[in-house]
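Residue numbers (my numbering): 28 to 117. Using N, Cα and C, we set each Cβ at its ideal position, and we do this for glycine too.
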């Protein structure tokens with residue numbers, strides 16, 4: 028297992044998750060799921076897990092909505108931004 032890399036921001040400490048196990052540890056620090064059965068917790072974790080690793084989880088709001096940044100998504104967004112920039116130059 029690789030070491031978790033911490034990146035500081037003003038409002039959150041960003042980390043890079045390299046596996047489902049790292050995601051699970053990170054997620055369980057934010058949510059108290061002790062009232063749920065083990066099967067329910069497993070289902071919740073599987074439903075909310077990132078599609079790709081490594082990734083950076085980011086909490087979007089006070090309702091704990093999450094987004095995961097992975098290399099594929101970031102590359103796609105960069106290409107979209109480049110195409111927008113090129114369109115505006117013409």
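- Taking 8 Å as the upper bound for CB-CB distance, residue 96 and residue 85 are in contact here, some 7 Å apart.
- Our two residues, residue 79 and residue 89, have alpha carbons roughly 24 Å apart in a direct line.
- For residue 94, same chain residues with a beta-carbon under 7 Å away, outside a window of 5 residues either side, are 85, 87 in chain order.
- In the DSSP assignment, residue 84 is bridged to 95.
- Judged by DSSP in its simplified three-state form, residue 60 adopts coil rather than helix or strand.
- For residue 50 and residue 92, the gap between their C-alpha atoms comes out near 15 Å.
- Counted as a single uninterrupted DSSP element, the beta strand (DSSP E) harbouring residue 41 occupies residues 40 to 42.
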